[in-house]
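See structure below.
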Amino acid sequence: MDTYLPDEPTAASLLPLAPAAFHILLAVADQDRHGYAIIQEVAVRTAGEMKLSAGTLYRSIQKLVELDLIEETSERPTPDLDDERRRYYRITAFGREVARAEAERLQALVHLARTCGLAPRTT
Amino acid sequence: MALWRLFLHLLPATLREAHGAEMTAMFRRDLAAVRGPAALAVIAAAVADVLWTAVVAHVEATVLDLRDVWRSARRAPGFAGSVVAVTALGVGAATAAFSLADHVLVRPLPFAAPDALVKLWQDQSSRGYSRMELSPGNFEDWRRQSTSFASMSAYAASSVNAMTPGGPVRLDTAQVSVTLFDTLGVGAALGRTLLAADDAPTATPPVVLSDHLWRSTFAASPDVLGTTLVLSGTAHLVVGVMPAWFEFPTRDVDLWTPLRFVPADLEDRANVYLRVVARLAPGVTIPQARADLNGIAASLARAFPEANDKTGATVVALRDEVTRQARTMLLALVGASTAVLLIACANMASLFLARSVARQRELAVRLAMGARPRRLARQVLTESLALSAIGGAAGAVLAVVAVPVAAALVPTTLPIAEVPHADLRLAGLAALATLATGLGFGLVPAWRIARTASSGDLRHGARVFGTRGTERLRGLFVVSEVATAIVLLVTVGLFLKALWQVQDVDPGFDPEGVVTMRTALPLPKYERVAERTRFYRQVLDEVRHAPGVENAAYTSFLPMVMGGGIWPVLMPGTTVPEDARAASVRFVTPGYFSTMRIPIVRGRDVADTDRQDSQFVAVVSRSFAELYWPGEDPLGRHFSTALQERVVVGVVGDVRVRGLERESEPQVYLPAPQVPDGGLTFYVPRDLVVRVSTAPASIVPLVRAAVMRADSDQPISDVQLMTDVIDRQMASRSTQVSVLGAFAGVALLLALVGIHSLLAYVVAARTPEIGVRMALGATRGQVLALVGRRAATLAGMGALAGLAVAYAASRSVQALLAGISAADLGTYVFAVGAAALITLLGSLLPAWRAMRVDPVAAMRTD
Numbered sequence: 002m003d004t005y006l007p008d009e010p011t012a013a014s015l016l017p018l019a020p021a022a023f024h025i026l027l028a029v030a031d032q033d034r035h036g037y038a039i040i041q042e043v044a045v046r047t048a049g050e051m052k053l054s055a056g057t058l059y060r061s062i063q064k065l066v067e068l069d070l071i072e073e074t075s076e077r078p079t080p081d082l083d084d085e086r087r088r089y090y091r092i093t094a095f096g097r098e099v100a101r102a103e104a105e106r107l108q109a110l111v112h113l114a115r116t117c118g119l120a121p122r123t124t
Numbered sequence: 003m004a005l006w007r008l009f010l011h012l013l014p015a016t017l018r019e020a021h022g023a024e025m026t027a028m029f030r031r032d033l034a035a036v037r038g039p040a041a042l043a044v045i046a047a048a049v050a051d052v053l054w055t056a057v058v059a060h061v062e063a064t065v066l067d068l069r070d071v072w073r074s075a076r077r078a079p080g081f082a083g084s085v086v087a088v089t090a091l092g093v094g095a096a097t098a099a100f101s102l103a104d105h106v107l108v109r110p111l112p113f114a115a116p117d118a119l120v121k122l123w124q125d126q127s128s129r130g131y132s133r134m135e136l137s138p139g140n141f142e143d144w145r146r147q148s149t150s151f152a153s154m155s156a157y158a159a160s161s162v163n164a165m166t167p168g169g170p171v172r173l174d175t176a177q178v179s180v181t182l183f184d185t186l187g188v189g190a191a192l193g194r195t196l197l198a199a200d201d202a203p204t205a206t207p208p209v210v211l212s213d214h215l216w217r218s219t220f221a222a223s224p225d226v227l228g229t230t231l232v233l234s235g236t237a238h239l240v241v242g243v244m245p246a247w248f249e250f251p252t253r254d255v256d257l258w259t260p261l262r263f264v265p266a267d268l269e270d271r272a273n274v275y276l277r278v279v280a281r282l283a284p285g286v287t288i289p290q291a292r293a294d295l296n297g298i299a300a301s302l303a304r305a306f307p308e309a310n311d312k313t314g315a316t317v318v319a320l321r322d323e324v325t326r327q328a329r330t331m332l333l334a335l336v337g338a339s340t341a342v343l344l345i346a347c348a349n350m351a352s353l354f355l356a357r358s359v360a361r362q363r364e365l366a367v368r369l370a371m372g373a374r375p376r377r378l379a380r381q382v383l384t385e386s387l388a389l390s391a392i393g394g395a396a397g398a399v400l401a402v403v404a405v406p407v408a409a410a411l412v413p414t415t416l417p418i419a420e421v422p423h424a425d426l427r428l429a430g431l432a433a434l435a436t437l438a439t440g441l442g443f444g445l446v447p448a449w450r451i452a453r454t455a456s457s458g459d460l461r462h463g464a465r466v467f468g469t470r471g472t473e474r475l476r477g478l479f480v481v482s483e484v485a486t487a488i489v490l491l492v493t494v495g496l497f498l499k500a501l502w503q504v505q506d507v508d509p510g511f512d513p514e515g516v517v518t519m520r521t522a523l524p525l526p527k528y529e530r531v532a533e534r535t536r537f538y539r540q541v542l543d544e545v546r547h548a549p550g551v552e553n554a555a556y557t558s559f560l561p562m563v564m565g566g567g568i569w570p571v572l573m574p575g576t577t578v579p580e581d582a583r584a585a586s587v588r589f590v591t592p593g594y595f596s597t598m599r600i601p602i603v604r605g606r607d608v609a610d611t612d613r614q615d616s617q618f619v620a621v622v623s624r625s626f627a628e629l630y631w632p633g634e635d636p637l638g639r640h641f642s643t644a645l646q647e648r649v650v651v652g653v654v655g656d657v658r659v660r661g662l663e664r665e666s667e668p669q670v671y672l673p674a675p676q677v678p679d680g681g682l683t684f685y686v687p688r689d690l691v692v693r694v695s696t697a698p699a700s701i702v703p704l705v706r707a708a709v710m711r712a713d714s715d716q717p718i719s720d721v722q723l724m725t726d727v728i729d730r731q732m733a734s735r736s737t738q739v740s741v742l743g744a745f746a747g748v749a750l751l752l753a754l755v756g757i758h759s760l761l762a763y764v765v766a767a768r769t770p771e772i773g774v775r776m777a778l779g780a781t782r783g784q785v786l787a788l789v790g791r792r793a794a795t796l797a798g799m800g801a802l803a804g805l806a807v808a809y810a811a812s813r814s815v816q817a818l819l820a821g822i823s824a825a826d827l828g829t830y831v832f833a834v835g836a837a838a839l840i841t842l843l844g845s846l847l848p849a850w851r852a853m854r855v856d857p858v859a860a861m862r863t864d
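Protein sequence lines, in the order shown, are assigned to chains A and B. Last residue of the first sequence: 124 (the numbering used here), numbering continuous. Last residue of the second sequence: 864 (the numbering used here), numbering continuous.
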C-alpha cells in the first residue's frame, strides 16, 4: 500500500513571493498584529500605495499559515483593549528565512538594473 | 448583516470559518465610517472583494486538488484508467443508443405543427392488409367528403428517364398533389413549390427539384429556375428547389411533379397505388378522423362493392410510421445500453469503494501530519469527479463516432435526415449519471473520512471502512454485472441464431454470379410490343454473345427488390378461398429461369413464339399448381389473371418474392411479348439479369455498350449484384447482431473488470488471514479453493438472476427472432459458459497471488 508524503517546501521553492504576501510578512516581522492592523501597517509603510482588501488579506494569511511562514499566536499584546474575536499573527523562523530570501532576490534584481543603468545609484 | 453573512458562504469553508467574523467586523467598521451614497460604494467594493476572493480561492484549491488527482493517478494508473474506461464505455454506449432512439422515436418531424400530420390508409384487415394504398377515385371521394382534415394530399413514387447536361439518367420522382407542400407546411428554398394552378393541364407541367439533384446535376445554379427539364419525353418547367433537409416521402427522391388524374383513372377503384398524408383540422382527434373516414368508406363499399367491399380506413400519426420491428429493435438497443450504463455505474461504485479502503492508510498519515479532514474529503471528491468527467468526455467522443455507424438501424420509412448525430444533450445526461455515481461513491468515503477524523480514531489506525460490509456491497455489484452480461449475451445469441436461420433460407434461385441492372423503357416511345421486342432482342443477343456471359434475360421486377405486382386469380369453380386467390405476376423473356437457376419442374419456359397473336400462356410456380390443382397435372389448365385468360405451359420452383423472411404469394410468369400494346405499362420488363462466369464488374461496360447501340437515349440504373440484393435482406439483422454484440462484449469486459478488482481486493485485504491459515497448515489448493469459491458463488448468483431476466427480455423481442424460441437452450448454455469463462479469467491473477502468499511476511504486515 503506497503512502502519500507531500514534499517539504524550501525557501527557494516559494520564490518569488506575491507582493501582498511579502508585505504581510514585513508587517508581522517586528510585532504580532491582527488582520486590520496588518492592512493599516501596509498602507502606512507604502504611503497609501498598497491598500489590501479584506479578501486578499485573509486569503494570503491562510496561505502563509498553511506554508508555515506565519502562525497564529494566543498571546494578546494589550488584553484589556482587545476584541477577543481578533486573531493575531507572528512570523515564524521559516517565514523570516523566506522573507530574507525574497529581499535578497529583490536586491539582486535592483543590482542588476543598476549595472544596466536602469536604476539610480545610492551613495 | 444576515445577508452579508450568507454571502460569505461563497468563500471556501476553511477561509470563512477562520476569518469570516473578522471580515464582517471590518465591513461593519468601513460602513460606519461613511454616510449617505458613499455607503453604496463601500458595499459594492466589499461584495466585489468577496466574489473575487471566492473565485480565486476555489480555483486555487481545485488546481491543487487536480494536481493531487494527477499525482495519485500516476501512482495508481490501474484505478484511474479503469474509472475512465468504464465511464467512457458506459456514457458512449448509452449516448449512442439514446440518440438513435430519440432520432427515430421521439423527435418531432421537421414539418410545421407535426402533431397534426397523419397518414391515411385503406384497411382491409379481413384480407390481412391494414395499411393499403388508395385508388384515385377513393382518394378524391375521401378528400371531398371528409370534414376532419384541414388538407389531404396524395403522392406516388415513380421514376423517370431524364435528359440532363450529363447525359440520360434515371431519376426517382414523387408525383404529388399540388397541395402536398401546404399540407406538410414547407416552402421552397429557391423559387416556389406547387400551386393550385399547377393542377390544370397546362402545356408545360412544373417540376420541383431536390437539393441534392440541384447540386449534383445543376451545379447549384439559381439560373435553373425557368429552364425546362425533359422527363420521359415530356418537357417540364423547373419552378423551385426544396431545402436540403426535405426528404419526402423517401430519402432518395430527386424531384416532385404534380399528380394529375384523367377521368379513366378515377373510374378504376381497384387500382390502388396512392399514399395519403393529411393534416387534421384544429381540435379533431385521430379516432374522430377515423370514424369520419370509416363512414365514407362504408358508403363507398356500397357504391363500389367489387373493389371496396370490407374496406375501412386506417389513420396513424405520421410520427408513428415506424414498423413494429424497428421500434422493438430500438427499444432493445436502449435496454442494452441502459444495462451497460448500469454496469458501468456499478463498476465505478465498486472501484471507488475499493479505492477508499486502499487509501485509508494514506489518509491517516496525512491527517496525522495535520491535514484538515475537510480538505481531504474535498480531495477525494475532486478525484472522483475529475476521473468521471474525463471518462464522460471520452464517452461523448465515442458516441459521436458510433452513432453514424449504428444509423443503419434507422428505418427508411420516416421522412427524417438519414444520418442522425450524437445528441450532446443526451451525452450530458449519460455523463451526469456516471458523474452522480462518481459523486455518490466519492462522497460517502469523503463524509466518513471527515466524521472518523473528527472523532480522532483515524490517527490511531482505526479503519474508516469495515472491509466486510464493503466486500458484501461490491459482491452485489459483481452479481448484477454478471447478470446483466448474461442478459445481453443471451439476447445477442438469439439474434445471431435468427440471422443464421435467415441466411439458411433458400431464396428459390441462385444469386451467385448474377449481375442486374435496370433499363426502364420510357413511354410513349416504347408503348408498342414490337418496339420493345426489338430493344430486348438486340440487347440480349449482344449480351449473351459477350465473353464470360452464360445467359441473360429481362423481367418486370427483381425478386425481393419489388414485392408487389399482385393480381387476383380468376378461376370458375375453384374451391380456393377468395382471399387466397392472388398471385405475384411477372412478365419475362425466354431464358429467365435458366439465368436465375429457377428449376423448371414440368413443361416449358416461355418462348419467342408466345406472341400477341398466339395463345396467352403462363408458367406457374409449384405452390400455384398445388393450390389450385392438388395432385393433378397443371399443364393445359386455364385461369385468368392480368386481364387475360391464360393456359399453363410450365411449372417452376417457388421464389421468395417478398424477401427471405416473408411468405410470398404463388408466382405466375407471362411472356414479355404478351404485355398488351399501351397497357399494363407497370409490368413492362425493365430489369436485366445476366449470369456471368467471369468477374461481374467486367461485364457492365459491355452491357452499357449494347444498350447504347440499341437506344442511345436509354439510361442504365440500379447496377447491382443479386448477392447484394440478398445481403441487403439481412443487412439490418447483421447490424443488430453487431451492435448488440458490441454491447454484450462491453458488458462482459466490465464484468471481468468487476470480478477481477473485487477478488484482487479480497485477496489483498485477507492476506494476513491467508498467511495465518497457511501457517496453520492450509495447502495452496485450499487457499485456491477459498478464492475460487468466492468467485463461483458470485458468478453463480449473477448467472441465475441473469437467466431469469434474459428469458423475460427475449420474450419481449420474440417478434425479431425469425421463429427462434426465446427459450433456446443452446444460447443459454453459451451465455453461462461465457460468464464462467470471464469468472475464471477474472480470478486467475488474484488466485495466483493468494497462493504465493508468504505466511511469515503476511503476518508481519499488519
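Don't be surprised by glycine CBs; every beta carbon is placed ideally from N, CA and C.
Report task. Taking the CB atoms as reference points, tell me whether glycine 800 of chain B and alanine 487 of chain B lie closer together than 9 Å. Result -> yes
Query raised in the report: What first and last residue would you give for the beta strand (DSSP E) that runs through alanine 733 of chain B?
Result: That residue, alanine 733 of chain B, is in no beta strand (DSSP E); its alpha helix (DSSP H) goes 724–767.
Report task. Confirm, please, whether the CB-CB distance from isoleucine 25 of chain A to leucine 58 of chain A is below 9 Å. Result -> yes
**Report entry** Candidates B:Phe684, B:Gly804, B:Ala806: closest to valine 274 of chain B by CA position
**Finding:** B:Phe684
**Report entry** Contact under 9 Å by Cβ, alanine 115 of chain B with leucine 276 of chain B
**Finding:** no
Query - Limits of the alpha helix (DSSP H) - the one that valine 705 of chain B falls within - result: 698–712
Query - Option nearest proline 526 of chain B by Cα separation, candidates B:Cys347, B:Ile45, B:Val86, B:Val162 - result: B:Val162
Query - leucine 498 of chain B Cβ short of 8 Å to the ligand SAH heavy atom set - result: Only the bare structure without any ligand can be found here, which leaves the ligand SAH out of the picture.
Query raised in the report: Where glycine 92 of chain B and valine 489 of chain B are concerned, what is the direct C-alpha to C-alpha distance, given to the nearest angstrom?
Result: 16 Å
Query raised in the report: Is there contact here, the segment 99–119 of chain A with the segment 12–26 of chain B, by at least three beta-carbon pairs under 8 Å?
Result: no
Query - glycine 212 of chain A at chain B interface by Cβ criterion, 9 Å - result: Any answer about residue 212 of chain A is impossible in this case: the structure gives chain A only from 2 up to 124.
**Report entry** Cross-chain neighbours of valine 52 of chain B in chain A, by beta carbon under 7 Å
**Finding:** Gly56
Query raised in the report: By how many angstroms is the C-alpha of leucine 53 of chain B removed from the C-alpha of glycine 56 of chain A?
Result: 9 Å
Query raised in the report: When DSSP builds the beta bridges, which residues end up paired with threonine 166 of chain B?
Result: By DSSP's assignment, threonine 166 of chain B forms a beta bridge with B:Gly169.
**Report entry** Rounded C-alpha distance that separates proline 848 of chain B from leucine 751 of chain B
**Finding:** 17 Å
Query - Under 8 Å by beta carbon: chain B residues contacting tyrosine 89 of chain A - result: What tyrosine 89 of chain A touches in chain B: nothing, since even the nearest Cβ is about 11 Å away.
Requested in this report: May I ask you to report which of helix, strand or coil DSSP gives phenylalanine 684 of chain B?
Outcome: helix
**Report entry** Member of B:Ala272, B:Glu24, B:Gly661, B:Leu672 whose CA lies at the smallest distance from the CA of glycine 593 of chain B
**Finding:** B:Leu672
Query raised in the report: For serine 812 of chain B, does the three-state DSSP call read helix, strand or coil?
Result: Reduced to three states, the DSSP call for serine 812 of chain B is helix.
**Report entry** Enclosing beta strand (DSSP E) for methionine 598 of chain B [first to last residue]
**Finding:** From DSSP, methionine 598 of chain B is part of no beta strand (DSSP E) but of the alpha helix (DSSP H) over 594–598.
**Report entry** Residue from B:Pro524, B:Pro39, B:Arg194 with nearest C-alpha to valine 236 of chain B
**Finding:** The sequence shown places threonine at residue 236 of chain B, not valine. The shortest Cα separation from threonine 236 of chain B among B:Pro524, B:Pro39, B:Arg194 belongs to B:Pro524.
Query - Cα-Cα separation between leucine 369 of chain B and proline 375 of chain B, rounded to whole angstroms - result: 7 Å
Query raised in the report: From arginine 476 of chain B to glycine 442 of chain B, what distance separates their C-alpha atoms?
Result: Going from the Cα of arginine 476 of chain B to the Cα of glycine 442 of chain B covers about 15 Å.
Query raised in the report: Is the distance from the Cβ of glutamate 103 of chain A to the Cβ of leucine 16 of chain A below 9 Å?
Result: yes
Query raised in the report: Considering alanine 41 of chain B, what are the terminal residues of the beta strand (DSSP E) in which it resides?
Result: Here alanine 41 of chain B belongs to no beta strand (DSSP E); instead the alpha helix (DSSP H) covers 40–77.
Requested in this report: Assuming glycine 495 of chain B contacts threonine 829 of chain B (C-beta within less than 8 Å), just tell me the rounded distance between them.
Outcome: 4 Å
**Report entry** Euclidean distance between Cα positions of threonine 116 of chain A and alanine 44 of chain A
**Finding:** Distance between the alpha carbons of threonine 116 of chain A and alanine 44 of chain A is about 31 Å.
Requested in this report: For arginine 145 of chain B, I'd like the list of residues in its chain whose CB is within less than 7 Å of its CB, leaving aside the five on either flank, ordered along the chain.
Outcome: Same-chain partners within the cutoff: Met154.
**Report entry** For methionine 873 of chain B, the three-state DSSP class (helix, strand or coil)
**Finding:** Chain B is shown only over 3 to 864; residue 873 of chain B falls outside these bounds and no answer can be derived.
Requested in this report: Could you please give the first and the last residue of the uninterrupted beta strand (DSSP E) stretch that includes valine 541 of chain B?
Outcome: No beta strand (DSSP E) holds valine 541 of chain B; the alpha helix (DSSP H) holding it covers 531–547.
Query raised in the report: In its own chain, which residues sit with a C-beta less than 6 Å from the C-beta of glutamine 646 of chain B, not counting the 5 before and 5 after it?
Result: Phe618
Query - Exposed unless 16 or more other CB atoms sit within 10 angstroms - verdict on glutamate 473 of chain B - result: The residue is buried, with at least 16 neighbouring Cβ atoms inside 10 Å.
Requested in this report: List the whole-angstrom C-beta distance separating arginine 520 of chain B from serine 719 of chain B, where the pair is believed to meet the contact cut-off of C-beta under 8 Å.
Outcome: 5 Å
Query raised in the report: My guess is that leucine 239 of chain B and valine 210 of chain B are in contact by the Cβ rule of under 8 Å, so how many angstroms apart are they, rounded?
Result: Contact doesn't hold; Cβ gap of about 10 Å is too wide.
Query raised in the report: When DSSP builds the beta bridges, which residues end up paired with methionine 154 of chain B?
Result: DSSP lists B:Ala280 as partners of methionine 154 of chain B.
Query raised in the report: Taking Cβ positions only, does arginine 782 of chain B come closer than 9 Å to chain A?
Result: No, arginine 782 of chain B lies away from the interface with chain A (no Cβ there is under 9 Å from its Cβ).
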